[in-house]
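Notes follow once the structure below has been shown.
Chains as they are written, first to last, in my numbering: chain A, 546 to 822; chain B, 350 to 849.
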């Protein structure tokens, strides 16, 4: 999937540095700050193989907020092939950036709201342009399992109820601006309660469309559906996100689907964020 | 099948002795064939132009298909997530098929090819799908209809089985989607249609789980733990406690045949569906083909339905309940059917009389008979009189004057420490026998009500009651004898039957 990147993206890779990162402040600029996430193991609701309970996640860096409309607009300005009036429909459906004022302008109130109505292709292209990538599901789930105080808060009833409370809020309400929810254990904002987020390995998220057929897991496709044990109620909150992702195809867009980028740890690790204790 | 065997036997007998016409009824009655189920539900490819199905919001039901051929029927159902009231001042985010709970009613004919378009509104936060229990095929259409927000899925199925079927969302987590109201009914009419009735209604029960308590105001999020524990906060018909009450009550007239399509979305509870004051003449239990007659309460499983019919004779308000009765009076499972028409007293009189009833009268009145015996022997003591009077007072006088003789301030005058009573025992005999109406002043307060004559009491009884009243609750007064009472009674003119 990722090899379809449009020709101009490669050429523009170097244009987007991360000035905000260099400044070392929380000023929202071309790209969100990134937080270094230490390596670790955790029990995923989507185990990597039958019988394997835990997933090992290598250290990586993750945007501390979702990408905003303003950040995405700068990307579109540099890569006009991703304007809503120019993008081929195979890469983004009719809803792509349909909430913007025009193909190149956003409404003033949208600046710091997370960008939505973006396809997986568009989100991937943005991250690539930053020299980054979308997080994998396991990376995303690993960081999102944290509560404010614990690396794995999933057994905390309040953690779960907070997430379910967001699900039960209508999507008709305006989106909040990014960075306003409390940071989690790793120092990351907005993993819950703001938007859905694309992940890199979307094609692997094709959980059976009818999740009750647990006897016939045919994959993550191999292990996904079989692993979705309804008895583990703490998984409900996560499960709903998987359901949402698995309903989306890579050119789909939605009013509540945004994204953030991740990066591998390069040789230079100058910005390691200490986990909050 | 058995019927044809009977005929064959009859034909064979013809040649011998001639077949008598009065074949015994019980032999004929055995011979009922089944409908053949899905094996006999395919009437060939759809005929004519596609037909757009009429969908209705509850409690309305689409008109009969009135067709005698299989058609291609287009159903367009839109999923929306909307905030609505589950009770006055209590809102909940319902996930709906068609903007209502339960979802739109779908009506097709057996053998129809249904072209189903499931649209998920762009404002939805969740993906959704639909599993129709009337579908023959994996998942009931669930996998084929899995739809992201702002998208639409299409699939077709042939309605092979007649009956009344639940449909619901089957997206993970299924329980939560159903708990949020994602269910409705699809009626697959038998090829010959259903017998016409005067009115049809669509009613569906569901249980709801909110973080806040029952009737706690404000917006209430879904409570997963209560749902897992199967402890609903609300159990309601048609998505809200007030959906079918007050001005929104179902309406009908007397002498009508009413048919209700009753579903149960669950997610957890089984309904004991009952209409207070009616008897179902017919119940197509579980939404199937056969019917039971003369049913008081019918069980409707979660994810199941029933067709109930009854005929209205008597006007009034009939209350639909889940007869697991705390759900009706403490969780909202209550709906109203208002039947208009003229009273029919020969069928139902209404209330004729309200009388005091004392349970276990014989045991309670033992002191009374003891007093009667003693009186006859001339050995009656004041203590016996008081004891007998106490038993008689309960139920005769205590209803108004209260067990402790204190009466009710400004309504019923007191007997305890009553200046009116104690100052003139003779007058008290007259009051008991003749009643009292109009204003009286007792202990400084004015009472203006009516005490009926208690002349049904015999002289002994009146004497004992008054002796009890004059010597209880701090009162110290004389004993009254039966002779005193008899004297007053003799001097009083009273119309026949005035007592009570």
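Note that the Cβ used here is the ideal one computed from N, Cα and C, for glycine as well. Owing to the predicted nature of the structure, the values given are computational and were not obtained by experimental measurement.
Within-8 Å CB hit, residue i to chain A
i              : result
residue 561(B) : no
residue 438(B) : no
residue 483(B) : no
residue 567(B) : no
residue 448(B) : no
residue 623(B) : no
residue 499(B) : yes
residue 616(B) : no
residue 650(B) : no
residue 570(B) : yes
Proximity test, Cβ basis, 8 Å: residue i and chain B
i              : result
residue 797(A) : yes
residue 709(A) : yes
residue 640(A) : yes
residue 801(A) : yes
residue 792(A) : yes
residue 552(A) : Note that residue 552(A) scores a pLDDT of 36, beneath 50, so its modelled location is shaky and nothing firm can be said.
residue 774(A) : Note that residue 774(A) has pLDDT 43, beneath the 50 cutoff, so the model's placement of it is unreliable and no number is given.
Chain-ordered neighbours of residue i on chain A, where CB pairs are closer than 8 Å
i              : result
residue 475(B) : 712, 785, 788, 789
residue 442(B) : 713, 714, 715
Beta-carbon contacts of residue i that lie in its chain and below 8 Å, excluding the five residues immediately before and after
i              : result
residue 679(B) : 563
residue 611(A) : 577, 659, 660, 723, 735, 739, 740, 742, 803, 804, 805
residue 689(B) : 600, 601, 602, 603, 664
residue 451(B) : 407, 530, 532, 533, 534, 551, 553, 555, 587, 588, 612, 614
residue 601(A) : 584, 585, 586
residue 778(B) : 811, 815, 829, 833, 834, 837
Where residue i meets chain B, residues with beta-carbon distance less than 7 Å
i              : result
residue 698(A) : Result: empty, since nearest Cβ-Cβ is about 16 Å, beyond 7 Å.
Cβ pair residue i, residue j closer than 8 Å
i              : j              : result
residue 837(B) : residue 815(B) : no
residue 641(B) : residue 441(B) : no
residue 796(B) : residue 735(B) : no
residue 390(B) : residue 512(B) : no
residue 410(B) : residue 454(B) : yes
residue 405(B) : residue 470(B) : no
residue 719(A) : residue 607(A) : no
residue 796(A) : residue 587(A) : no
residue 720(B) : residue 809(B) : yes
residue 526(B) : residue 503(B) : no
residue 686(A) : residue 599(A) : no
residue 616(B) : residue 524(B) : yes
residue 766(B) : residue 699(B) : no
residue 582(B) : residue 559(B) : yes
residue 597(B) : residue 438(B) : no
residue 458(B) : residue 416(B) : yes
residue 756(B) : residue 750(B) : yes
residue 546(B) : residue 607(B) : yes
residue 462(B) : residue 419(B) : yes
residue 701(A) : residue 692(A) : yes
residue 714(B) : residue 723(B) : no
residue 647(B) : residue 668(B) : no
Amino acids of chain B, ordered along the chain, whose beta-carbon sits closer than 8 Å to that of residue i
i              : result
residue 781(A) : 522, 525, 573
Neighbour list for residue i in chain B, Cβ cutoff strictly below 9 Å
i              : result
residue 717(A) : 430, 431, 432, 472
Cβ separation of residue i and residue j, assumed to be a contact under 8 Å, to the nearest whole Å
i              : j              : result
residue 731(A) : residue 582(A) : 6 Å
residue 506(B) : residue 478(B) : With a Cβ gap of about 14 Å, residue 506(B) and residue 478(B) do not count as contacting.
residue 831(B) : residue 812(B) : 5 Å
residue 671(A) : residue 605(A) : In fact, because the Cβ distance is near 18 Å, the residues do not count as touching under 8 Å.
residue 498(B) : residue 725(A) : The pair is not a contact, with the Cβ atoms about 23 Å apart (cut-off 8 Å).
residue 801(B) : residue 784(B) : 5 Å
Same chain, Cβ closer than 6 Å to residue i, neighbours up to 5 away in sequence not counted
i              : result
residue 792(B) : 768
residue 689(A) : 736
Under 9 Å by beta carbon: chain A residues contacting residue i
i              : result
residue 580(B) : The contacting residues do not exist; residue 580(B) stays about 14 Å from chain A at best.
residue 466(B) : Ordered by position in chain A, no residue passes the 9 Å Cβ test against residue 466(B), which lies about 16 Å from the chain.
residue 530(B) : Near residue 530(B) there are no residues of chain A at all, since even the closest Cβ is about 12 Å away, more than 9 Å.
Beta-carbon proximity list for residue i, same chain, < 7 Å, skipping 5 on both sides
i              : result
residue 677(B) : 670, 671, 683
residue 677(A) : 806, 807, 808
residue 745(A) : 678, 679, 680, 681
residue 528(B) : 557, 558, 571, 576, 616
Short CB-CB distance (under 8 Å) between residue i and chain E
i              : result
residue 557(B) : Considering every chain present, this structure includes no chain E. Its protein chains are A and B.
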